[in-house]
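K.L.:
One structure is given below, represented as structure tokens, and several questions about it will come after.
Residue numbers (this note's numbering): 1 to 372.
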């Protein structure tokens, strides 16, 4: 498997970086955290510039550039810790619909999402995501031609603001997996007070929510493979965004080490600080390389995609743990203040580490897949 950033791909990356630097400064993120609200930017730009359609098949009106191109855009969003529905809609909701949806459902849900006209969310059991299982906290049962949902889903990104919510539930037949799409308002949504206040997380309660046949994705009891493939995309995207956030954290730490002076010299001149920066850089590049490999396996539908996705999430988790800790320490007391931008990136990275399985869960998954 060869990896090369082509001139066209580099042009896309540079364009995304330039637009996000202009339209998503840290001040915008801070305003969302402090005052709430949902800024139209950068989602509006993503829609107008075609970023939302990057991984959507051309038959559905997309660009068909594949997951590699989308992955680089996600990483740039992580570098700016951009608020908005980009991650939830395009790397969580859309993959599940595309993996399991019938042609008419693709036209109904996937095409509008790829055009930026529909905002989606994905409700799964994060504690079981590493093993591609729906968990037992949300169950679906047949009732004539319909299905009825009972239970809950926690920590759903954009769960109380998305137009449509794709979800996985336990069913008592076949492989035990049922996939459904419900509209906003079908479940009782409660906003969660989350560590990262720049993006909404919600708890969803399903009390007898009835799902019509046209909102059932695939065949309940024969949907485990579709769920697993969609979760792999969501997991790798979370790892890529985490890498992007860690990149900026490292840059902030290095810049502070250059400008902060003690004993008549920059603190970056001290070997202890240099060692920390070097260790952070090595960990970041390990996580980036692992995430890029996983991104490529998904783009090429390589047989190693399941293993690579868990490796990427575990590596990103290790990366954020070290860079968040040492990045704050290099800043000293300033790193703990609200006025510093450091905490905004730390909170985004920590939240991403928890979504779709922790590093510990994915490391265990890697061990199981390698039979060690």
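Where a beta carbon is used, it is the ideal one built from N, C-alpha and C, also for glycine.
(1) Could you tell me the distance, in whole angstroms, from the CA atom of residue 135 to the CA atom of residue 337?
(2) For residue 326, name the three-state secondary structure that DSSP assigns.
(3) Is it a yes or a no for the segment 201-211 touching the segment 85-102, going by three-plus beta-carbon pairs under 8 angstroms?
(4) Between residue 156 and residue 180, is the Cβ-Cβ spacing less than 7 angstroms?
(5) DSSP three-state label for residue 20, please.
(6) Identify every residue that forms a DSSP beta bridge with residue 279.
(7) Nearest to residue 113 by alpha carbon, out of 61, 292, 124 and 138?
(8) Let me know the secondary structure DSSP gives residue 165 once reduced to three states.
(9) Tell me, please, which residues DSSP counts as bridged to residue 29.
(10) Does the segment 60-79 come into contact with the segment 230-242, if we say contact requires no fewer than three beta-carbon pairs (one atom in each stretch) closer than 8 angstroms?
(11) Assuming the contact rule is C-beta atoms closer than 8 angstroms, residue 293 and residue 308 should be a hit. Round their C-beta distance to whole Å, please.
(12) Using the three-state DSSP reduction, which class does residue 132 fall into: helix, strand or coil?
(13) Touching or not, the segment 294-306 and the segment 331-345, by the rule of three or more beta carbon pairs under 8 angstroms?
(14) Label residue 259 either buried or exposed according to how many other C-beta atoms from any shown protein chain fall within 10 Å of its C-beta, with 16 as the threshold for buried.
(15) How about residue 67 and residue 298: do their beta carbons lie closer than 7 angstroms?
(16) On the three-pair Cβ rule with 8 angstroms, is the segment 122-136 touching the segment 101-108?
(17) Using DSSP with H/G/I as helix, E/B as strand and the rest coil, what is residue 270?
(18) Taking residue 123 as the reference, give the member of 86, 202, 18 and 193 with the closest Cα.
(19) From this set, 200, 49 and 64, which residue's C-alpha is nearest residue 55's C-alpha?
(20) Would the beta-carbon of residue 229 fall within 7 angstroms of that of residue 131?
(21) Kindly indicate which three-state DSSP category residue 185 falls into: helix, strand or coil?
(22) Give every residue of the same chain whose Cβ lies closer than 7 angstroms to the Cβ of residue 186, excluding the five residues on either side of it in the sequence, and list them in chain order.
(23) Are the CB atoms of residue 46 and residue 52 within a distance shorter than 7 angstroms?
(24) Quick check on DSSP: helix, strand or coil for residue 120?
(25) Across which residues does DSSP place residue 170 in a beta bridge pair?
(26) Are the CB atoms of residue 140 and residue 178 nearer to each other than 7 angstroms?
(27) What span of residues does the beta strand (DSSP E) with residue 154 cover, start to end?
(28) With H, G and I counted as helix, E and B as strand and the rest as coil, what does DSSP make of residue 41?
(29) Go to residue 236, then tell me how far its alpha helix (DSSP H) extends in each direction, as first and last residue.
(30) Mapping the DSSP letters down to three states, classify residue 332 as helix, strand or coil.
(31) To the nearest angstrom, how far is the alpha carbon of residue 326 from that of residue 361?
(32) Rounded to the nearest angstrom, how far is the Cβ of residue 84 from that of residue 39, given a contact under 8 angstroms?
(33) Going straight from the alpha carbon of residue 50 to that of residue 115, what length do you get?
(34) Taking all protein chains shown into account, do 16 or more other C-beta atoms lie within 10 angstroms of the C-beta of residue 117, making it buried, or fewer, making it exposed?
(35) Check whether the segment 151-170 and the segment 183-198 are in contact - that is, three or more C-beta pairs closer than 8 angstroms.
(36) Closest to residue 103 by C-alpha separation, out of 214, 246 and 29, would be which residue?
P.N.:
In brief:
(1) Position 135 of the chain shown, counted from the start, is the residue given in the question as residue 135. Position 337 of the chain shown, counted from the start, is the residue given in the question as residue 337. Taking the straight line from one Cα to the other gives about 39 angstroms.
(2) Here residue 326 corresponds to residue number 326 of the chain shown, with the count starting at 1. Note: residue 326 maps to helix in three-state DSSP.
(3) no
(4) Numbered from its first residue, the chain shown carries residue 156 at position 156. Numbered from its first residue, the chain shown carries residue 180 at position 180. Not in contact: residue 156 and residue 180 (Cβ atoms no closer than 7 angstroms).
(5) Translated into positions along the chain shown, residue 20 becomes position 20. Three-state DSSP puts residue 20 in a helix.
(6) In the chain shown, counting from the first residue as 1, residue 279 sits at position 279. DSSP lists no partner for residue 279.
(7) Here residue 113 refers to the residue found at position 113 when the chain shown is read from its first residue. Looking at the Cα atoms, 61 is the closest of the given residues.
(8) Residue mapping note: residue 165 aligns to position 165 of the chain shown, counting from 1. Three-state DSSP puts residue 165 in a strand.
(9) Numbered from 1 along the chain shown, position 29 holds the residue referred to as residue 29. Beta-bridge pairing links residue 29 to no other residue.
(10) yes
(11) Residue numbering aside, residue 293 sits at position 293 when the chain shown is read from its first letter. Residue numbering aside, residue 308 sits at position 308 when the chain shown is read from its first letter. With a Cβ gap of about 6 angstroms, residue 293 and residue 308 count as contacting.
(12) Your numbering for residue 132 matches position 132 in the chain shown. Note: residue 132 maps to coil in three-state DSSP.
(13) no
(14) As a first step, residue 259 is located in the chain shown; it is residue number 259 there, counting from the start. Classification of residue 259: exposed, given that the 10 Å Cβ count is below 16.
(15) By one-based count along the chain shown, residue 67 stands at place 67. By one-based count along the chain shown, residue 298 stands at place 298. It is a contact, given that the beta carbons lie within the stated cut-off.
(16) no
(17) Start at 1 with the first residue of the chain shown, and residue 270 comes out as number 270. The answer is coil: DSSP assigns residue 270 none of H, G, I, E or B.
(18) Counting from one through the chain shown, the residue named residue 123 turns up at place 123. Considering only alpha carbons, the answer is 202.
(19) Sequence index remark: in the chain shown, residue 55 carries index 55 (1-based). Of 200, 49 and 64, the residue nearest in Cα terms is 64.
(20) For the purposes of this step, residue 229 is taken as residue 229 along the chain shown, with counting starting at 1. For the purposes of this step, residue 131 is taken as residue 131 along the chain shown, with counting starting at 1. Result no, Cβ atoms of residue 229 and residue 131 do not sit closer than 7 angstroms.
(21) Translated into the one-based positions of the chain shown, residue 185 becomes position 185. Coil, per DSSP.
(22) Along the chain shown, read from residue 1 onward, the residue named residue 186 stands at position 186. Closer than 7 angstroms at Cβ, skipping near neighbours: 209.
(23) Taking the first residue of the chain shown as position 1, residue 52 is located at position 52. Taking the first residue of the chain shown as position 1, residue 46 is located at position 46. Yes; because the gap between Cβ atoms is below 7 angstroms, this pair is in contact.
(24) For this step, residue 120 is matched to residue 120 along the chain shown. Strand, per DSSP.
(25) Working through the chain shown from its first residue, we reach residue 170 at position 170. Residue 170 is bridged to 139 and 177.
(26) The residue given as residue 140 occupies position 140 in the chain shown. The residue given as residue 178 occupies position 178 in the chain shown. For residue 140 and residue 178, yes; Cβs fall inside 7 angstroms.
(27) In the chain shown, the residue the question calls residue 154 occupies position 154. Start and end: 146-157.
(28) Working through the chain shown from its first residue, we reach residue 41 at position 41. Residue 41 falls in the coil class under three-state DSSP.
(29) In the chain shown, counting from the first residue as 1, residue 236 sits at position 236. First-last of the alpha helix (DSSP H) with residue 236: 224-259.
(30) The residue given as residue 332 occupies position 332 in the chain shown. In the structure shown, residue 332 sits in a helix (DSSP, three-state: H, G or I).
(31) For the purposes of this step, residue 326 is identified with residue 326 of the chain shown, where counting begins at 1. For the purposes of this step, residue 361 is identified with residue 361 of the chain shown, where counting begins at 1. Distance between the alpha carbons of residue 326 and residue 361: 24 angstroms.
(32) Walking along the chain shown from the start, residue 84 turns up at place 84. Walking along the chain shown from the start, residue 39 turns up at place 39. Sure, about 7 angstroms apart at Cβ, within 8 angstroms.
(33) Counted from its first residue, the chain shown places residue 50 at position 50. Counted from its first residue, the chain shown places residue 115 at position 115. Residue 50 and residue 115: Cα-Cα distance of roughly 8 angstroms.
(34) Locating residue 117 in the chain shown gives position 117, where the first residue counts as 1. Exposed: under 16 other Cβ atoms inside 10 Å.
(35) yes
(36) Reading the chain shown from its first residue, position 103 is the one you call residue 103. Nearest C-alpha to residue 103: 214.
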